[in-house]
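Some notes on the structure that comes next.
2 protein chains.
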Amino acid sequence: MSKPRGRPARGDGITREQILDAALLLLEEGQGFSMRALAARLTVTPMSLYHHVGDHAGLLRAISDRVYAAVLAGDAAAEDPAARIRTLLVRYHGAVKAYPQLTLAIFAQPAAFAGTTRDITDQLLALLGMLTRDGELWLDILVDHAHGSALAFHALRDHPQQAASMQARYLKALDQLLARLA
Amino acid sequence: MSKPRGRPARGDGITREQILDAALLLLEEGQGFSMRALAARLTVTPMSLYHHVGDHAGLLRAISDRVYAAVLAGDAAAEDPAARIRTLLVRYHGAVKAYPQLTLAIFAQPAAFAGTTRDITDQLLALLGMLTRDGELWLDILVDHAHGSALAFHALRDHPQQAASMQARYLKALDQLLARLA
DNA sequence: ACCTGAACACCGTTCAAGT
DNA sequence: ACCTGAACACCGTTCAAGT
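For the record, the sequence lines run as chains A and B. When the count follows my numbering, it moves up by one through the first sequence with no breaks and lands on 169 for the last residue. When the count follows my numbering, it moves up by one through the second sequence with no breaks and lands on 169 for the last residue.
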């Protein structure tokens, strides 16, 4: 029943990518994510995970790097600044909304995650600088609003009717804010 | 060394208020809040807490009720709507900022906390209705922004220089938004 | 009513042992 | 290099026992 003690035959071992995939799923199920539960799902010993992703904080960091890297996908030069700003914010809002538990974990240990979303805010700030003199102020407003809205969405996940209209409400609020920017 | 097993003499027992006071302090120290750690700080058995505040979720609920009730203090009729809106938002932002760990715990289990801040949003919505037809939209914008900003403040708590200017930046952003509302 | 103490099913992580 | 297994110091919570 139990696996042999030593190094597994080639191909039998667990992959870093498999761990991250499973971790993201388990995390957002919300029923108590833990290293041990994740290991059990992968039919592996808890300590096996440490070899690939480090400890709990390291695992969360690897997950968030993957999730937020996807927000920056696409060619920045292909859109005009206003459109690119909107694209980045909608995608960022979508990522936070899709993985609220990850977001909460990040906020709970901000020191460990400084810089994870730095690329996104840097690009947004540069783009905002083209449209207004108050770039930093509007970066605050837009990013904070995206965070708050996405988390509020999570808070309403048990009320499908309200949740369904949340995306439309975010887009409406975002366009309202962007219109005030110009 | 150890306390007697039975009911303590009058006045020797622990108070619900003492538990909430200590819990709020311990929670925001950020070094791993737990029922057992809280009990240890109060030099009491973990199970003693259950008698006064229920389980972990019940304790958090009791804490948040206390914290957010303070936001509504003061006489609503003494201020005009715009001023009252600003007062409520600044105070709400202050509460979230002062107790970020509490806020994160609430967002992590939103089902258990539905209604905790309902009084605040209800009053804000009524006030916003006096100033604009898009009351719900602006409620979203202003509350979400307050949440996001307060949590961002927490994320920067290890960078005192930036953190010091965060309050001023929130007030500036808030006034910017409120100006757009009229 | 209010507290203790033992117990159960969990955690994250370290360290040694195995291939 | 990559995995297991035992161990340590923790969790939240239930239940029985005590006054």
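We treat Cβ as the ideally placed atom computed from N, Cα and C, and that holds for glycine.
Residues of the segment -3 to 24 of chain B whose Cβ lies closer than 9 Å to any Cβ of chain A, in chain order: 17. Rounded to the nearest whole angstrom, the CA to CA distance from residue 40(B) to residue 47(B) is 9 Å. Residue 34(B): member of the alpha helix (DSSP H) spanning 33 to 40, first to last residue.
A direct Cα-Cα distance of roughly 11 Å separates residue 54(A) from residue 60(A). Taking a beta-carbon distance threshold of 9 Å, residue 82(A) does not count as an interface residue toward chain B. In this structure the segment 139 to 152 of chain B touches the segment 90 to 97 of chain A; the number of beta carbon pairs closer than 8 Å is three or more. CA-to-CA, the gap between residue 19(B) and residue 90(B) works out to about 15 Å. Residues of chain B whose Cβ lies closer than 9 Å to the Cβ of residue 142(A) are, in chain order, 93, 94, 97, 98, 100 and 101. Note that the C-beta distance between residue 50(A) and residue 11(A) is below 9 Å. Residues of chain A with a Cβ closer than 8 Å to the Cβ of residue 159(B) are, in chain order, 124.
Assigned with DSSP and collapsed to three states, residue 29(A) falls in coil, not helix or strand.
Looking only at 65(B), 88(B) and 115(B), the smallest Cα-Cα distance to residue 134(B) is reached by 88(B). Interface residue (Cβ-Cβ distance to chain A less than 9 Å): residue 136(B) is classified as such.
Cβ-Cβ distances below 7 Å link residue 78(A) to 58 in the same chain, with the five nearest sequence neighbours on each side left out; the list follows chain order.
Listed by position along chain A, the residues whose Cβ is nearer than 8 Å to that of residue 128(B) are 132, 160, 163 and 164. Here the alpha carbons of residue 168(A) and residue 122(A) stand approximately 10 Å from one another.
Distance from the Cα of residue 150(B) is smallest, within the candidate group 102(B), 130(B) and 84(B), for 84(B). Against chain B, a Cβ distance below 9 Å from residue 145(A) picks out 97, 98 and 101. Closer than 9 Å to the CB of residue 156(B) there is at least one CB belonging to chain A. Excluding residues up to 5 positions away in sequence, 114, 117 and 118 lie with their Cβ nearer than 7 Å to the Cβ of residue 68(B) in the same chain. Assignment of residue 99(A) by DSSP, reduced to helix, strand and coil, places it in the helix class.
Residue 129(A) and residue 130(B) have their C-alpha atoms some 13 Å from each other.
Put simply, of 107(A), 63(A), 17(A) and 37(A) the residue whose alpha carbon is nearest the alpha carbon of residue 3(A) is 37(A). The beta carbons of residue 165(A) and residue 73(A) sit about 6 Å from each other, so the pair counts as a contact at 8 Å. Secondary structure of residue 18(A) (DSSP, three-state): coil.
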